[in-house]
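Residue numbers (our numbering): 650 to 819.
Glycine included, every Cβ here is placed at the ideal spot set by N, Cα and C.
A short write-up of the structure that comes next.
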């Protein structure tokens, strides 16, 4: 793995893994959709991509979760399935978001970033344990790898390279 691969988040499947078809990979990626995950994967034709994965920040069922996460960036991953290579070309896009008002409404700012990144939010508390010593307890955890990890792993398991795109077209 070269420096540029590290910079873009590019990973290759293990040697000897035969690549599956684009349709099989597409089915595997769409199969990651479940009601208990904080993201949704959908057709990306309207966004110049084959598939798009993004946080469910605007869905009422997930609103409490994302308010609790104090999420500061909305993330969308646009994916192109390049079967001739085979690789998933992925562009990670981020926007700064805030919640304002009562009830809180989502606002996006003009700040935009493109490329691999990671957002981690943890909340915890300190209290005295039974032994009288201070103990840290994690009360909330959120990591943007919950979105990128399953996508990348599905591509690698299917024998495809996961290639992060920073510059140029998808």
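Item: Give the straight-line distance between the Cα atoms of residue 657 and residue 732, rounded to the nearest whole angstrom.; Value: 20 Å
Item: Determine whether the beta carbon atoms of residue 805 and residue 727 lie at a separation below 7 Å.; Value: no
Item: Strictly by DSSP, which residues pair up with residue 805?; Value: In DSSP, residue 805 forms no bridge with anything.
Item: Under a Cβ-count criterion, where at least 16 other Cβ atoms within 10 Å of its own Cβ denotes burial, should residue 706 be classed as buried or exposed?; Value: buried
Item: Could you have a look at residue 698 and say whether DSSP puts it in helix, strand or coil?; Value: coil
Item: Would you tell me roughly how many angstroms separate the C-alpha atoms of residue 785 and residue 710, rounded to the nearest one?; Value: 29 Å
Item: Which residues does DSSP list as the beta-bridge partners of residue 733?; Value: Looking at the DSSP assignment, residue 733 forms no beta bridge with any residue, so it has no partner.
Item: Per DSSP, what are the beta-bridge partners of residue 738 in this structure?; Value: 729, 812
Item: Assuming residue 812 contacts residue 737 (C-beta within less than 8 Å), just tell me the rounded distance between them.; Value: 7 Å
Item: Just grab the DSSP bridge partners of residue 723 for me.; Value: 744
Item: Could you tell me how far apart the beta carbons of residue 696 and residue 807 are, in whole angstroms, since I believe they sit closer than 8 Å?; Value: At roughly 22 Å, the Cβ-Cβ gap does not stay under 8 Å, so residue 696 and residue 807 are not in contact.
Item: In or out: residue 730 buried (at least 16 other Cβ within 10 Å) or exposed?; Value: buried
Item: From the DSSP output, in three-state form, read off residue 654 for me.; Value: helix
Item: What residue range is occupied by the uninterrupted alpha helix (DSSP H) comprising residue 672?; Value: 671-679
Item: Report the CB separation of residue 692 from residue 700 in whole angstroms; it is logged as a contact under 8 Å.; Value: 7 Å
Item: Thinking residue 704 and residue 724 are a contact (beta carbons under 8 Å), I'd like their distance in whole angstroms, please.; Value: 6 Å
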